[in-house]
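Notes for the one structure printed next.
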Amino acid sequence: MKYSKHFVAVSVLVLGLFVIVYVLLRSIYQLPVAASAEARGIDALFEGHFFLISFLFALVVGFMLYSLVVFRRRPGDESDGDHFHGHTGLEIAWTIIPLGLVIFFGVWGAQLLGDISEPDPDEMVVQVIGRQWSWSFEYPELDEMSSDELVLPVDQPIVLQLQSEDVLHSFWVPEFRVKQDLLPGEMRELRVTPSRVGDYTLRCAEMCGDQHAYMLADVRVLSPADFDSWVQEQSEAGAITELSPEERGAVWYTQFGCNSCHSVDGSVIVGPSWQGLFGSERVLESGQTVVADEAYLRTAIFDPNAHHVEGFPPVMPTNFEEQFAEEEDQYGGEIIIVEDLIAYIQTLSEEGANGE
Ligand code: CUA
């Protein structure tokens with residue numbers, strides 16, 4: 000029983016150190032908010048590792064510190080320490096216990112990986128395309144709709160089909176916990192069930208060139224109702240980009256209320272009719288005459304007070320430029336509304352004297 004008091008002391012030290020290290024580690028390495036069904040199992044695995052790491056650190060460092068302090072050489076002590084030749088029991092223990100732990104964590108991890116990669120009969124396919132240096136997303140089950148942000152309905156199992164157009168990239172949304180590399184020429188799958196409505200960021204987690212750090216995309220998890228209205232909006236946006244500029248001009252004509260002041264049949268409501276307007280001569284209040292060409296129409300729409308046409312009151316709203324810009328944002332710069340309107344106005348003159 001020569002050593003028993005040392006073992007008691009060192010056990011207390013190791014336990015105390017374990018608690019301190021564990022608390023420190025958990026507060027330093029806080030996981031981001033968990034936003035997927037997969038996160039629970041993965042966080043539990045993290046928790047298990049934090050626990051084990053803290054204990055092993057405390058065990059090694061605790062014994063070492065204790066020995067350094069308690070068994071240090073005293074002044075005047077020139078004797079040798081006790082001589083040990085192995086300890087079979089200890090050697091078996093420090094082989095079997097770590098082996099058991101490694102197998103335990105291996106089985107735990109493999110089982111979890113199996114669980115979270117299990118296909119779900121209700122899963123929705125979303126294709127993820129990565130390239131230097133951007134992401135895009137396609138929804139083959141929703142009319143091949145595409146988007147530059149990843150929008151997902153909450154609590155819906157998703158299978159992401161990942162493809163790269165050039166080099167290795169990696170799909171990583173920390174809040175979802177799961178992660179998968181994108182390989183050129185090969186499709187990889189990743190399954191996730193978003194479980195929390197919110198905004199997240201997808202980042203590339205594989206060094207892929209000098210803009211790697213900026214290879215980001217917005218991820219939005221929406222309630223099923225909000226997701227449906229997003230899909231609706233997207234398909235409407237898709238439909239409008241397929242129209243010709245003239246056809247779109249006719250849509251904007253009513254959408255922005257131009258029709259309440261400008262007719263297209265020659266009748267005068269509040270402002271001049273658009274019929275025959277393009278290319279016609281306009282007499283301004285100043286007595287000057289100008290031709291209604293593209294530049295004139297653009298100014299007339301964006302800055303209606305720049306020239307007053309004789310006989311019409313200056314009542315047109317002056318904020319169309321902002322209104323249009325807001326709408327144009329939805330189409331990612333594909334559409335310029337004022338040009339559509341001018342194209343439409345042009346068609347209203349084509350039967351007249353100025354037909355091109
Ligand atoms: Cu793509 Cu880093």
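Oh and the sequence shown: position 104 is 103 in numbering that gives the first Met the number 0, straight run, nothing missing. Positions of the beta carbon are idealized from the N, C-alpha and C atoms, including for glycine. These numbers come from a predicted model, not from an experiment.
In this structure, Val-177 lies away from Val-158, with their beta-carbon atoms at least 7 Å apart. By the C-beta density criterion, Trp-251 is buried, having at least 16 other C-beta atoms within 10 angstroms.
As DSSP reads the structure, Lys-178 sits in a beta bridge with Trp-171. Taken from the Cβ of Glu-185, every heavy atom of the ligand CUA lies 6 Å or farther away.
Here His-82 is exposed, its C-beta having fewer than 16 other C-beta atoms within 10 Å. The residue among Gly-286, Met-315, Arg-297, Ser-272 with its C-alpha nearest the C-alpha of Ser-348 is Ser-272. Below 8 Å, too few C-beta pairs join the region 110-121 and the region 77-91 to call them touching: fewer than three. Straight-line spacing of the CA atoms in Ile-95 and Glu-143 works out to 55 Å.
For Val-166, there is no enclosing alpha helix (DSSP H), since its DSSP letter is neither H nor E.
With a threshold of 16 other beta carbon atoms within 10 Å, Gly-113 falls short and is exposed. Looking from the CA of Gly-248, the closest CA among Val-218, Glu-137, Ile-344, Val-308 belongs to Ile-344. Ranking Cys-257, Ala-204, Phe-255 by CA distance to the CA of Ser-133 puts Ala-204 first. Val-20 places its beta carbon less than 7 Å from that of Ala-57.
Annotation: the continuous alpha helix (DSSP H) that includes Ser-66 extends over 38-69. About 15 Å separates the beta carbons of Ile-300 and Val-269, which is beyond the 8 Å limit, so they are not a contact pair. The Cβ atoms of Tyr-330 and Ala-238 do not sit closer than 7 Å to each other. The ligand CUA has a heavy atom closer than 6 Å to the beta-carbon of Glu-205. By a beta-carbon distance limit of 8 Å, Met-186 contacts Gln-160. Their separation comes to about 5 Å.
In this chain, the alpha helix (DSSP H) harbouring Thr-298 covers 293-301.
The beta carbon of Asp-264 is closer than 8 Å to those of Ser-272, Gln-274 in its chain, skipping five residues each way along the sequence. Residue environment analysis places Leu-16 among the buried positions, since at least 16 neighbouring C-beta atoms fall within 10 angstroms of its C-beta. Runs of beta strand (DSSP E) with 3 or more residues, each lying fully within the region 236-320, are found at 280-282, 288-290, listed in chain order. For Glu-137, the closest of Val-230, Asp-165, Gln-29, Gly-61 by C-alpha to C-alpha distance is Val-230.
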